[in-house]
Amino acid sequence: MDLWLFYANVFLYSLATLGYLVYLVWMEKAVWKTSRALLLAGFLLHTAGFALRYSQAGYLPVTNRFEALLFFSWLLVGVYLVLQFRHSLPVLGAFIAPPALVLLLLASLDSQKVFLPRRLGELLPSHWLPLHVWFAFLGDALLGVSACLAAMYLIQERQLKKKRIGAFYYRLPPLDLLDRLSYRCITIGFPLLTLGILTGSLWLQSTQGGYIDWRDGRQTATLLTWFLYAGLLHGRLMAGWKRRRVAWLNILGFLVILGTFLKLSHFLD
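Residues in the sequence shown are numbered from 231 upward in steps of one, following the working numbering.
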């Protein structure tokens, strides 16, 4: 991705974030439509920049922290746009656009890597790597959207529990809808995350001769995330956990995912 494309993308996501936050306060339909158009324009520019980087590199460019954050932000917005197309949830944009923007801003800290990725020799030709990347990142993006829905659920639930109906009560969707969509994102994202772990192990075995490297903190954190979401699903389906507890675990799981991106290097970075 060229430098001007990257910062133009940041600019559009910044305007979209501001617009969605203004919409959250004023609930003006024109503001929402403008914000949606800005976010869509940013997503299309994001797509073009990523495609350009792919054509320059010759492989799926997720080999360092800059590329990983770029790809994750793109998928997070993409999942939201699909969800918005199927379900009219304009307020959700106020919870999705800010983290997508923050991911790009964090990527800008490694802006020296915005130029053509380096060639990585014989570590990437395995056909398992693209599958691993798509499964894992798409699963993480779905879990991220689920966590944003869970945050909206907790805000709404807290107001009802305290019997203090504030402005947010009339801006956020009903609890049942938030819970249902959040759970649906998990039931799709968790299997994708599982496939990402399996294909990642196969990629590691084909390149380094082992299915897992316990010295790699990224792999350990990913397994921790998997067990957390597995426990969440088990608790909801089998133990009858309350929705509130599930929502908190959902958010905790996504924080672990974010920590993996921000604290640990990616592939050969």
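Ideal Cβ placement from N, Cα and C applies to all residues, glycine included.
Here the C-alpha atom of residue 285 lies approximately 15 Å from the C-alpha atom of residue 275. For residue 290, the secondary structure class from DSSP, reduced to helix, strand or coil, is coil. When Cβ pairs closer than 8 Å are counted between the two stretches, the segment 267 to 274 is seen to touch the segment 295 to 311, the count reaching three or more.
With a threshold of 16 other beta carbon atoms within 10 Å, residue 297 meets it and is buried. In this structure, residue 431 lies away from residue 480, with their beta-carbon atoms at least 9 Å apart. The straight-line gap separating the alpha-carbon atoms of residue 454 and residue 241 is approximately 35 Å.
Under the 10 Å beta carbon count, residue 312 is surrounded by fewer than 16 other beta carbons and is classified as exposed. Here the segment 484 to 492 lies against the segment 371 to 389, with 3 or more beta-carbon pairs under 8 Å apart. By the 16-neighbour rule on beta-carbons within 10 angstroms, residue 362 is buried.
C-alpha of residue 317 to C-alpha of residue 449: approximately 34 Å in a straight line. Under the three-state reduction of DSSP, residue 387 is assigned to helix. The beta-carbon distance between residue 299 and residue 337, rounded to whole angstroms, is 4 Å. This is short enough to meet the 8 Å contact definition.
Shown here, residue 329 sits in a helix according to DSSP, grouped into three states. One Cα belongs to residue 466, the other to residue 370, and the distance between them is close to 20 Å. For residue 376, the secondary structure class from DSSP, reduced to helix, strand or coil, is helix. The beta-carbon distance between residue 477 and residue 380, rounded to whole angstroms, is 4 Å. This is short enough to meet the 8 Å contact definition. When DSSP states are grouped into helix, strand and coil, residue 272 belongs to the helix group.
Assignment of residue 468 by DSSP, reduced to helix, strand and coil, places it in the coil class. C-alpha of residue 456 to C-alpha of residue 418: approximately 13 Å in a straight line. In its chain, beyond the 5 residues on either side, 422, 425, 426 and 429 have a beta carbon closer than 7 Å to the beta carbon of residue 365.
Taking residue 251 as reference, the option from 474, 326, 391 and 473 with the minimal CA-CA separation is 326.
Assignment of residue 297 by DSSP, reduced to helix, strand and coil, places it in the helix class.
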